[in-house]
Amino acid sequence: KAGVTQTPRYLIKTRGQQVTLSCSPISGHRSVSWYQQTPGQGLQFLFEYFSETQRNKGNFPGRFSGRQFSNSRSEMNVSTLELGDSALYLCASSSGGRGFFGPGTRLTVL
Amino acid sequence: AQSVTQLDSQVPVFEEAPVELRCNYSSSVSVYLFWYVQYPNQGLQLLLKYLSGSTLVESINGFEAEFNKSQTSFHLRKPSVHISDTAEYFCAVSDRGYYAGGTSYGKLTFGQGTILTVHP
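Protein chains in written order, with this note's numbering: chain X, 3 to 112; chain F, 155 to 274.
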């Protein structure tokens with residue numbers, strides 16, 4: 003099976019812009035979670051989707067949003083980017099209590 | 155709420171020496187426990203997990219971890235490390251029983267990571 007894929011792998015934006023990141027889970031996995039990784043805050047949970055429904059949400063401002071499509075692919079959107087949003091954004095798909103992480107999208111906000 | 159504490163931010167060791175990376179957690183509910191490894195410029199890879207059953211879990215590359223409920227710990231050990239084990243290791247917990255059917259992953263709470271550096 004193909005692993006979790008994330009696009010794009012690298013992204014450079016400027017403050018105030020918005021960005022959409024995409025995650026394609028492993029075939030058959032219906033759960034997709036998103037995490038933000040920064041040197042200062044470490045790995046932090048953003049949200050989880052299961053069968054197109056958001057099941058859990060982390061402690062992030064409303065500028066961070068996501069959705070999941072009927073084919074389980076997921077997108078996350080960050081509006082009005084701030085410098086502090088620079089991070090590695092990781093997506094994980096899971097089934098049966100085991101999660102598989104994608105390689106991440108490295109977002110740089112200038 | 156859950157929390158994870160990795161007691162060492164950096165652990166330097168020599169090749170072929172044993173190593174222990176310490177992890178303690180706090181949770182008001184039963185949890186699943188995980189260790190992930192992250193190599194430079196890569197995503198996270200699952201090293202091993204404890205869901206239920208035997209408290210000693212092993213990975214295919216020689217690492218093992220033991221779930222100790224009374225001490226709320228899940229320390230990672232390897233009897234003899236290699237240069238290739240140099241990486242950052244993350245301990246994580248997720249609550250169990252939140253999702254019916256066991257087909258969902260839940261929310262992972264991670265520790266701050268331990269950088270393992272193996273010297274020749």
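We treat Cβ as the ideally placed atom computed from N, Cα and C, and that holds for glycine.
The structure presented is a predicted model; accordingly, all values stated were derived computationally and were not measured.
Residue of the options minimising C-alpha distance to residue i
i               : options                           : result
Q192 of chain F : F:D249, F:S248, F:T263 and F:T240 : F:T240
V21 of chain X  : X:D87, X:S74 and X:V34            : X:D87
W36 of chain X  : X:F47, X:Q43, X:F71 and X:Q70     : X:F47
A171 of chain F : F:I237, F:Q199, F:S248 and F:S224 : F:I237
S2 of chain X   : X:E77, X:L85, X:S67 and X:I28     : What is shown of chain X runs 3 to 112, which leaves residue 2 of chain X out entirely.
N79 of chain X  : X:G18, X:L112 and X:G30           : X:G18
G60 of chain X  : X:P41, X:G104 and X:L45           : X:L45
G64 of chain X  : X:S81, X:N73, X:R75 and X:E77     : X:S81
T55 of chain X  : X:G42, X:E77 and X:R69            : X:R69
Neighbourhood of residue i by C-beta, 8 Å cutoff - its chain only, sequence neighbours within 5 removed
i               : result
G106 of chain X : Q8, R11, Q39, L90, Y91, L92 and C93
Y204 of chain F : Y186, L187, F188, V211, A219, F221 and F228
D162 of chain F : L175, R176 and T268
Inter-residue CB distance, residue i and residue j (contact presumed, cutoff 8 Å)
i               : j               : result
V158 of chain F : T263 of chain F : 6 Å
Q160 of chain F : R176 of chain F : 7 Å
K223 of chain F : N58 of chain X  : Not a contact, Cβ separation roughly 24 Å.
L213 of chain F : L202 of chain F : A quick correction: the sequence has Ser, not Leu, at residue 213 of chain F. About 4 Å separates the two Cβ atoms, so the contact holds.
F244 of chain F : L230 of chain F : With 8 Å as the limit, F244 of chain F and L230 of chain F do not qualify as a contact, their Cβ atoms being about 10 Å apart.
Sequence-distant residues of the same chain with beta carbon closer than 6 Å to residue i, five excluded per side
i               : result
F168 of chain F : H273
S180 of chain F : S157
I14 of chain X  : T110
S33 of chain X  : F52 and S96
Q85 of chain X  : The displayed chain sequence assigns Leu, not Gln, to residue 85 of chain X. The residues are V111.
Q164 of chain F : I269
S67 of chain X  : N79
K232 of chain F : V173, G216 and F217
T209 of chain F : E220 and F221
G101 of chain X : A94
F103 of chain X : L92 and A94
For residue i, the residue or residues it bridges with in DSSP
i               : result
Y12 of chain X  : X:R108
A4 of chain X   : According to DSSP, which records beta bridges pairwise, A4 of chain X is partnered with nothing at all.
E212 of chain F : F:E218
Exposed unless 16 or more other CB atoms sit within 10 angstroms - verdict on residue i
i               : result
F71 of chain X  : exposed
Y252 of chain F : Note that Y252 of chain F scores 46 on pLDDT, short of 50, meaning its location in the model is unreliable; the coordinates nonetheless yield the value given after this. The residue in question, Y252 of chain F, is exposed, as its Cβ has fewer than 16 Cβ neighbours within 10 Å.
A246 of chain F : buried
E50 of chain X  : buried
V235 of chain F : buried
V173 of chain F : buried
S74 of chain X  : buried
S6 of chain X   : It is worth fixing the name first, because residue 6 of chain X is Val in this sequence and not Ser. Burial call: buried.
S248 of chain F : buried
Cβ shell of residue i (< 7 Å), same chain only, five flanking positions each side left out
i               : result
L154 of chain F : Nothing about residue 154 of chain F can be read from this structure; chain F reaches only from 155 to 274.
L83 of chain X  : K15, R17, G18, Q19, Q20, V21 and V111
P166 of chain F : T271 and H273
H31 of chain X  : S74, S95, S96 and S97
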